[in-house]
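Heads up, the sequence shown is in my numbering, so the first residue is 1 and it goes up one at a time. From the three backbone atoms N, C-alpha and C, an ideal C-beta is built for every residue, glycine too. Everything numeric in this text was worked out from a predicted model, so none of it was measured. Worksheet for the structure shown next.
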Amino acid sequence: MESFKKIIDVCRRFGIAGDPIRYKTFTDGHINATFLIVFSEQGTLKKYLVQNINTVVFRQPEQLMENVISVTHFLRKKIRAAGGDPERETLHFLKTTDGQLCLHDGEHCWRIYRFIDDSFTYDLIEDAAIFRSAGAGFGRFQRLLADYPIENLYETIPDFHDTPKRLAALEAAANADAVGRRHEVEAELAFALARKADAGVALQLLQDGKVPLRVTHNDTKLNNLLFDNETKESICVIDLDTIMPGLSLYDFGDAIRFGAKTAFEDEPDLSKVSISLDLFAAYTEGYLSQCRDALTESEISHLAFSAKLMTYECGVRFLTDYLCGDGYFKIDYPEHNLIRARNQFKMVEEIEKKLPEMEAIVQRIIKT
Ligand code: ADP
Ligand code: GN1
Ligand code: MG
1 MESFKKIIDV CRRFGIAGDP IRYKTFTDGH INATFLIVFS EQGTLKKYLV
51 QNINTVVFRQ PEQLMENVIS VTHFLRKKIR AAGGDPERET LHFLKTTDGQ
101 LCLHDGEHCW RIYRFIDDSF TYDLIEDAAI FRSAGAGFGR FQRLLADYPI
151 ENLYETIPDF HDTPKRLAAL EAAANADAVG RRHEVEAELA FALARKADAG
201 VALQLLQDGK VPLRVTHNDT KLNNLLFDNE TKESICVIDL DTIMPGLSLY
251 DFGDAIRFGA KTAFEDEPDL SKVSISLDLF AAYTEGYLSQ CRDALTESEI
301 SHLAFSAKLM TYECGVRFLT DYLCGDGYFK IDYPEHNLIR ARNQFKMVEE
351 IEKKLPEMEA IVQRIIKT
């Protein structure tokens, strides 16, 4: 836990003056350490988001920041042209007093951006209207970035959604058994390996030219989307660190994985874990309302499957991290990653049962 004094020191290096009033820690992300800090600047309250970038996960923070700055500039122009408010609809980063995008203090790599006030995120929802708005939010994001020059993007995490490589990493972790946990996870390992044939489906579609490479977010979980306190509509896609060339199926599938679930991502009682078809339909409606014209036939026909693929991949990643000693995802207790992996695999089973219905829902929405 960083001290208030440390956070204030970082703020000064980014040119923030004024009197610090309070700060709070955000705990909903699994990767970065995130703090809200409030200053009084000439009588007005100013709120900033201070983050230290997880450099175990992101090895090249400067490249990451170049991606993020360039994409947010691009979005700002489009949002303005559409009559929107760029200060609420995309992120606004500060530079250090000597013009750097992030600050290395010997221990951490820090960045600061403006806090978007009167907004909130969800970790779990029941209300289909909210998830429809989430679909429209991420669909709009994809549409706005459709003509972003993809060749300008650095790959901030190589092979991020290469599911076959994720599975190979799991097998390697199981064979190495570095922290002696393999005996606890034989059933989960067997579950993952039994679905090996699914792992390469999306990449094969890309190789066959059936789905295009797009500018994608790659981490479209519901808590990476801000909602407006008043309107309850989605306003801003956040957590832009994994913007890279990718497949629309990654973003659609991951949004369903996290947002259409019926229990928290780390719910240990698996009887509660399933996928809501109402939520699935709502997200699909919102998403397609923004970008259906741009999608290829293969993208559309694999939307439902992508939810299974991304849930499976995420389960594989949690399990791998558990076997490796939890160096990647933040955990609250020793079995946290195992509980998360079991939860994801239960969700995979539920999606497998409901896949024909999910496919029918996509077809119904496409035809209306
Ligand atoms: P992580 O990579 O750890 O998921 P995020 O960038 O998603 O980090 O930030 C963590 C949380 O902080 C978000 O889920 C959201 O609740 C909050 N947050 C991030 N950026 C903003 C912002 N600009 N305005 C308001 N809240 C934000
Ligand atoms: C991480 O950073 P956050 O919490 O939004 C992870 C995603 C996983 C997700 C699982 C950079 O997302 O890939 O799907 O946890 N982000 C990174 O909840 O690895
Ligand atoms: Mg996040």
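Coil, strand or helix - residue i by DSSP
i, result
"PHE329", "coil"
"ILE157", "coil"
"ASP239", "coil"
"CYS102", "coil"
"VAL179", "coil"
"LEU124", "coil"
"GLU41", "strand"
"ASP321", "helix"
Closer than 8 Å: residue i CB and nearest the ligand MG heavy atom
i, result
"GLY15", "no"
"THR239", "Note on residue identity: the sequence assigns Asp, not Thr, to residue 239. Yes, the beta carbon of ASP239 sits closer than 8 Å to at least one heavy atom of the ligand MG."
"ASN224", "yes"
"LYS330", "no"
"LYS221", "yes"
Assumed close pair residue i, residue j - CB separation to whole angstroms, cut-off 8 Å
i, j, result
"HIS92", "ARG114", "5 Å"
"GLY325", "ALA174", "Not quite, the Cβ-Cβ distance comes to about 13 Å (not below 8 Å), so this is no contact."
"ARG214", "GLN290", "With 8 Å as the limit, ARG214 and GLN290 do not qualify as a contact, their Cβ atoms being about 13 Å apart."
"ASP254", "LYS221", "6 Å"
"LEU75", "LEU144", "6 Å"
C-beta contact flag for residue i and residue j at 9 Å
i, j, result
"ILE275", "ILE366", "no"
"ARG166", "ARG317", "yes"
"THR156", "ILE243", "yes"
"ARG80", "ALA282", "no"
"TYR122", "PHE227", "yes"
"THR320", "ALA169", "yes"
"ALA146", "GLY286", "no"
"LEU225", "ALA134", "yes"
"CYS11", "ILE37", "yes"
Heavy atom of the ligand ADP within 8 Å of residue i beta-carbon
i, result
"SER119", "yes"
"ARG28", "The question names Arg, yet the displayed sequence has Asp at residue 28. Yes - the ligand ADP has a heavy atom lying nearer than 8 Å to the Cβ of ASP28."
"ASN32", "yes"
"LEU36", "yes"
Contact test: residue i Cβ vs the ligand GN1 heavy atom, cutoff 8 Å
i, result
"TYR122", "no"
"ILE157", "yes"
"ASN152", "no"
"THR242", "yes"
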